[in-house]
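Asker: Just passing along the structure, written as structure tokens.
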Amino acid sequence: KTLTRVATLVGVFMAGTSAVSAQDVTLRGASMFDEEHAFTKTMQKFAELVDENYDGDVAFDLRLNGELGVEADYVTFLQQGVAIDYTIMAPSNMATFAPSIPLMDMPFLFRDQAHWEATLSSDVLAPLEQELLEKADIMVIGYTGGGVRNVISKEPIENLDELGGFKMRVMGAPIQAQIFSALTAAPSAIAYNEVYNAIQTGVIAGFENEAASIQNLKFYEVAPHVTLTKHAITVRPIVMSGKSFRKLPEDLQAAVLKAGAEAGAFGRELESREDGEKLQEMVDAGQLTVHEFANRDQLLEMVAPVQDEYAASLDATELLTSIRAK
Ligand code: MAV
Numbered sequence: 024k025t026l027t028r029v030a031t032l033v034g035v036f037m038a039g040t041s042a043v044s045a046q047d048v049t050l051r052g053a054s055m056f057d058e059e060h061a062f063t064k065t066m067q068k069f070a071e072l073v074d075e076n077y078d079g080d081v082a083f084d085l086r087l088n089g090e091l092g093v094e095a096d097y098v099t100f101l102q103q104g105v106a107i108d109y110t111i112m113a114p115s116n117m118a119t120f121a122p123s124i125p126l127m128d129m130p131f132l133f134r135d136q137a138h139w140e141a142t143l144s145s146d147v148l149a150p151l152e153q154e155l156l157e158k159a160d161i162m163v164i165g166y167t168g169g170g171v172r173n174v175i176s177k178e179p180i181e182n183l184d185e186l187g188g189f190k191m192r193v194m195g196a197p198i199q200a201q202i203f204s205a206l207t208a209a210p211s212a213i214a215y216n217e218v219y220n221a222i223q224t225g226v227i228a229g230f231e232n233e234a235a236s237i238q239n240l241k242f243y244e245v246a247p248h249v250t251l252t253k254h255a256i257t258v259r260p261i262v263m264s265g266k267s268f269r270k271l272p273e274d275l276q277a278a279v280l281k282a283g284a285e286a287g288a289f290g291r292e293l294e295s296r297e298d299g300e301k302l303q304e305m306v307d308a309g310q311l312t313v314h315e316f317a318n319r320d321q322l323l324e325m326v327a328p329v330q331d332e333y334a335a336s337l338d339a340t341e342l343l344t345s346i347r348a349k
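Under this note's numbering, read the sequence shown as residues 24 to 349, first letter to last.
Shown next as structure tokens:
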């Protein structure tokens with residue numbers, strides 16, 4: 024009896040201690056996807072790396088499956104310093120706060136994987152990060168991404184003629200709609216969590232996305248055709264709210280920055296490696312049919328002036344030239 028009582032007391036005491044001392048800091052993250060998606064895995068890696076590099080206690084509360092909404096919601100949370108502390112996010116979802124940030128991810132920016140990697144492992148994007156920090160108080164702590172974005176549609180599309188008038192969803196940044204308009208499609212900005220329904224009900228005929236996300240959210244159920252326009256290799260900053268960051272002790276801040284950079288490299292390798300595999304898995308499962316796009320090079324010529332004008336309007340012509348020269 025006595026022994027049981029001692030054990031109970033020790034248990035109570037220990038539970039009490041851990042409640043007080045452990046995990047003084049909790050960092051909350053958000054993912055639109057489940058555990059299988061590269062974004063989720065990259066954020067889990069980030070947590071692991073922070074833990075490894077920090078002596079104190081820090082807890083991570085990563086909410087999955089869009090529990091906290093979509094990226095367009097996350098950006099407002101981060102800017103206000105509420106609800107979440109960190110996430111991974113498309114630059115085109117941050118345009119309302121920082122108009123130049125979508126430049127780093129606009130369609131047809133990168134020639135190939137090597138160009139994309141050279142850009143992301145350099146500091147050429149620093150002026151865009153600076154604007155995001157000043158205007159939105161959001162910090163870029165690493166870069167992940169690496170999925171190739173293609174057109175995905177209800178009906179097959181194989182050439183420019185068939186792309187003409189294609190009613191498609193694009194991300195919120197105006198440059199996205201401008202580029203697809205230049206390709207003669209009919210783009211409209213629709214929230215990501217409404218895309219599936221919008222296709223199902225015929226409001227749009229499709230959109231554009233990368234394999235990891237098409238598979239994770241089962242977009243193939245409503246849009247079973249993929250056209251290899253290969254118009255973007257995704258750039259996905261790992262971002263943290265400046266308001267959350269400044270509250271952290273200095274040694275934790277250092278661990279966060281180091282972990283952000285390393286988790287980014289981990290995520291880039293993972294998502295680019297899995298991109299082709301995931302596409303193939305969907306083809307093998309009979310979920311998707313893949314179509315080549317005739318004269319893809321022509322698309323590049325059609326969008327270059329739109330990219331140039333956008334950069335000029337941001338006073339970022341030199342920056343665009345440096346990215347292209349990477
Ligand atoms: C994909 O799910 C991801 O690239 C994500 O970062 C984007 O926000 C999303 O597509 C989208 O198209 O909005």
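Cβ coordinates follow ideal geometry from the N, Cα and C atoms, glycine included.
Note that the coordinates shown come from a computational prediction; the quantities given were computed from them, not determined experimentally.
Report the residue from Ala234, Ala308, Met191 and Ala121 whose alpha carbon sits nearest the alpha carbon of Met14.
Answerer: Residue 14 lies beyond the residue range present for the chain, which begins at 24 and ends at 349; the question has no answer from this structure.
Asker: What would DSSP say about Ser134, mapped onto helix, strand or coil?
Answerer: Walking along the sequence shown from the start, residue 134 turns up at place 111. It should be noted that the sequence gives Arg, not Ser, for residue 134. Here Arg134 sits in coil by DSSP.
Asker: What does the Cβ neighbour count give for Val105, buried or exposed, with the cut at 16 atoms within 10 Å?
Answerer: Reading the sequence shown from its first residue, position 82 is the one you call residue 105. Around the Cβ of Val105, a 10 Å sphere holds fewer than 16 other Cβ atoms; the residue is exposed.
Asker: Scan the stretch 207-276 and note each continuous beta strand (DSSP E) run of 3 residues or more that stays entirely inside, going in chain order.
Answerer: 209-212, 229-233 and 248-264
Asker: Quick one, which of Asp80, Glu59, Gly299 and Ala118 has its alpha-carbon nearest Lys253's?
Answerer: Taking the sequence shown and counting its residues from 1, one reaches residue 253 at position 230. Lys253 has its Cα closest to that of Gly299, out of Asp80, Glu59, Gly299 and Ala118.
Asker: Spatial neighbours of Met117 within its chain, please: C-beta separation below 6 angstroms, excluding the five flanking residues on both sides.
Answerer: Residue numbering aside, residue 117 sits at position 94 when the sequence shown is read from its first letter. Once the five neighbours on either side are set aside, the close Cβ partners of Met117 are Val98 and Ile124.
Asker: Could I get the ranges of all uninterrupted alpha helix (DSSP H) runs contained in the stretch 94-179, with 4 residues as the minimum, in chain order?
Answerer: Every alpha helix (DSSP H) of 4 residues or more that sits fully in the stretch 94-179 is shown, in chain order, as 94-103, 136-143 and 149-159.
Asker: Per the contact definition of three or more C-beta pairs closer than 8 angstroms, is the stretch 81-92 in contact with the stretch 47-60?
Answerer: At 8 angstroms Cβ cutoff, the stretches touch.
Asker: Can you give me the C-alpha to C-alpha distance between Ala45 and Ile107, rounded to a whole angstrom?
Answerer: Locating residue 45 in the sequence shown gives position 22, where the first residue counts as 1. Locating residue 107 in the sequence shown gives position 84, where the first residue counts as 1. Note on Ala45: pLDDT 45, under 50, position unreliable in the model; the coordinate value appears next. Rounded to the nearest angstrom, the two C-alpha atoms are 20 angstroms apart.
Asker: Just list the alpha helix (DSSP H) runs in the stretch 48-76, keeping only unbroken ones of 4 residues or longer that don't cross its boundaries, in chain order.
Answerer: Taking only runs of at least 4 residues, the alpha helix (DSSP H) segments lying wholly in the stretch 48-76 are 61-76.
Asker: Going by DSSP, what residues sit across from Thr312 in a beta bridge?
Answerer: In the sequence shown, counting from the first residue as 1, residue 312 sits at position 289. Per DSSP, His248.
Asker: Can you grab the Cα-Cα spacing for the pair Ile256 / Val93, in whole Å?
Answerer: As a first step, residue 256 is located in the sequence shown; it is residue number 233 there, counting from the start. As a first step, residue 93 is located in the sequence shown; it is residue number 70 there, counting from the start. Approximately 21 angstroms between the Cα atoms of the pair.
Asker: Given Ile213, which residues of its chain have a CB within under 6 angstroms of its CB, disregarding the five upstream and five downstream residues?
Answerer: For the purposes of this step, residue 213 is taken as the residue at position 190 of the sequence shown. Taken in chain order, the residues that qualify are Arg192 and Ala221.
Asker: Can you determine whether any heavy atom of the ligand MAV sits closer than 7 angstroms to the C-beta of Tyr215, and answer yes or no?
Answerer: Translated into positions along the sequence shown, residue 215 becomes position 192. The answer is yes for Tyr215.
Asker: Report the option in Val81, Ser236 and Thr207 whose CA atom is closest to the CA atom of Asn216.
Answerer: Within the sequence shown, the letter at position 193 stands for residue 216. The residue with the shortest Cα to Cα distance from Asn216 is Ser236.
Asker: Over the uninterrupted alpha helix (DSSP H) stretch that includes Gly203, give me the two end residues.
Answerer: Locating residue 203 in the sequence shown gives position 180, counting from the first residue. In the sequence on display, residue 203 carries Phe and not Gly. Note, Phe203: alpha helix (DSSP H), Pro197 to Ala205.
Asker: Any chance the stretch 66-79 sits against the stretch 260-278, with 3 or more Cβ pairs inside 8 angstroms?
Answerer: yes
Asker: Since I believe Arg291 is in contact with Tyr166 (beta carbons under 8 angstroms), could you give me their beta-carbon distance rounded to a whole number of angstroms?
Answerer: As a working mapping, residue 166 is identified with position 143 in the sequence shown. As a working mapping, residue 291 is identified with position 268 in the sequence shown. 7 angstroms between Cβ atoms; contact.
Asker: Taking Cβ positions, are Lys349 and Ser145 nearer each other than 8 angstroms?
Answerer: Your numbering for residue 349 matches position 326 in the sequence shown. Your numbering for residue 145 matches position 122 in the sequence shown. Contact flag set, yes.
Asker: Can we count Ser236 as close to the ligand MAV, meaning its CB is less than 7 angstroms from some heavy atom?
Answerer: Along the sequence shown, read from residue 1 onward, the residue named residue 236 stands at position 213. At least one heavy atom of the ligand MAV is nearer than 7 angstroms to the Cβ of Ser236, so yes.
Asker: Would Gln238 be called buried (16 or more neighbouring beta carbons within 10 Å of its own) or exposed?
Answerer: Numbered from 1 along the sequence shown, position 215 holds the residue referred to as residue 238. Around the beta-carbon of Gln238, 16 or more other beta-carbon atoms lie within 10 Å, marking it buried.
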